[in-house]
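Engineer: When we follow our numbering, the leftmost residue of the sequence shown carries the number 378, and every step to the right adds one.
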Amino acid sequence: EYDNMMQYQVYVDDNRINCAPVVSEIPDISIRAGKELVVTVNASDPDGDAIEYSINDGRFVQDGNTFHWVPGEADTGTFNVEVSASDGELSGSKTFEVKVEPENRAPQINMQPKYSVGEGETLSIPIIASDEDGDHLEYYVNGTILPGNVFSWKPGYNDAGTHSFLIKVSDSLDTTEKLITVNVFERETPTRIYVDPEVKKIGKKRPRTVNIRIDTTEPVYSVQFNVSYNESVLQLTDINEGEFLYQGSGDVFSVLELGNGTISYAATRFDTTENVNGSGILVTLEFNATEDGMSSIDISDVHVLDYKSLRKIITRTAV
378 EYDNMMQYQV YVDDNRINCA PVVSEIPDIS IRAGKELVVT VNASDPDGDA
428 IEYSINDGRF VQDGNTFHWV PGEADTGTFN VEVSASDGEL SGSKTFEVKV
478 EPENRAPQIN MQPKYSVGEG ETLSIPIIAS DEDGDHLEYY VNGTILPGNV
528 FSWKPGYNDA GTHSFLIKVS DSLDTTEKLI TVNVFERETP TRIYVDPEVK
578 KIGKKRPRTV NIRIDTTEPV YSVQFNVSYN ESVLQLTDIN EGEFLYQGSG
628 DVFSVLELGN GTISYAATRF DTTENVNGSG ILVTLEFNAT EDGMSSIDIS
678 DVHVLDYKSL RKIITRTAV
């Protein structure tokens, strides 16, 4: 019935078909000369075979599936690198680009190390720096970044002395530092305490009013001064405090001491941290002329202080 039948023999080989390892993509790399380049190669084998790794550039040092290299200035340029993964029979590979740029040169700071400024004055220091690579620079003072390259500082009336500031300039790769010092010197403020009116004829036995006034743009919390006059010509008949230190909140503690032709006045605001400024009367004096003659009314030993520490912000004689 089956006259045309043919017989075949089938041989089964239990050896599997080997597949090559598959290497993961490696992105292109850009690096500066002098910096370490580290390339990690990841690969998998469909058959689970052990994998050995290699690279076609002898400048790299291998450590398993990781390759290290520190390019020098002579290595600047762009070139292709091939890495391979082998299971002993078959291999897979990937190629990526390496761009070696010239070694970064740190910024240079070109500015003097010492500066000076008076209390209450603003010091502006341009931070002069250069970068041979033309990189964008950022400027820092004591760790705080500046919006530009100018450092501005206004010391207060308690800051006399020497202060240090650490200047840093960074190109994002390297940072250069320079320590500068600023000497803050005490200065007299435009505060003026004076007699008003400064010159006045006083008729014999006729009362005259004299004000001790203050003009200031500075913060004032406490005032003290001495007044002297010729008591053989002038007789003090009355003395009253003015309104200047009584502005705003808080009370005023004051002391008036009378001597032979002298008046000592001291007053301090308290129960408040509020300073006052502007113009006003500190003390009003009433005199009678007892004899013909002349007498100046002199103000000396003037001290005007602010709230921060009751530190002296003016010491001079006003006449």
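Even glycine gets a Cβ: it sits at the ideal position worked out from N, Cα and C.
Just so we're clear, the structure is a prediction, and the values are computed from it rather than from any experiment.
Assuming Gly495 is part of the beta strand (DSSP E), what are its boundary residues?
Structural biologist: Its beta strand (DSSP E) spans residues 491-495.
Engineer: In three-state terms, what does DSSP make of Phe621?
Structural biologist: In the structure shown, Phe621 sits in a helix (DSSP, three-state: H, G or I).
Engineer: Can you name the start and end residues of the beta strand (DSSP E) that Asn560 belongs to?
Structural biologist: Counting along the chain, the beta strand (DSSP E) containing Asn560 begins and ends at 552-562.
Engineer: Out of curiosity, what's the CA-to-CA distance linking Ile505 and Asn487?
Structural biologist: Going from the Cα of Ile505 to the Cα of Asn487 covers about 5 Å.
Engineer: Among Asp405, Asn603, Asp548, Val475, which residue has its Cα nearest to the Cα of Asp452?
Structural biologist: Comparing Cα positions, the closest option is Val475.
Engineer: Does Phe647 pass the burial test, meaning 16 or more other C-beta atoms within 10 Å, or should it be called exposed?
Structural biologist: Per the 10 Å Cβ criterion, exposed.
Engineer: Report all residues from its chain with a CB closer than 6 Å to the CB of His540; omit the five preceding and five following residues, and keep chain order.
Structural biologist: So the qualifying residues of the chain are Val559.
Engineer: Just to confirm before moving on: does the CB-CB distance between Asp434 and Val458 stay below 7 Å?
Structural biologist: Against a cut-off of 7 Å, the Cβ pair of Val458 and Asp434 comes out as a contact.
Engineer: Report the residue from Gly497, Lys531, Glu618, Ile591 whose alpha carbon sits nearest the alpha carbon of Pro574.
Structural biologist: Of the candidates Gly497, Lys531, Glu618, Ile591, the one whose C-alpha sits nearest the C-alpha of Pro574 is Ile591.
Engineer: Does Ala451 come out as helix, strand or coil in the three-state DSSP assignment?
Structural biologist: Residue state, collapsed to three classes: helix.
Engineer: What is the rounded straight-line gap between the Cα of Phe664 and the Cα of Ala537?
Structural biologist: Spanning the two alpha carbons is a distance of roughly 42 Å.
Engineer: Would you mind giving the Cβ-Cβ distance between Gly619 and Ile658, rounded to the nearest angstrom? I have them listed as a contact below 8 Å.
Structural biologist: Going by Cβ atoms, the distance from Gly619 to Ile658 rounds to 3 Å, so yes, they are a contact pair.
Engineer: Once DSSP output is grouped into helix, strand and coil, what is the label at Ile690?
Structural biologist: Unreliable positioning characterises Ile690 in this predicted model, as indicated by a pLDDT of 42, which lies under 50. The coordinate reading is nonetheless provided below. Residue state, collapsed to three classes: strand.
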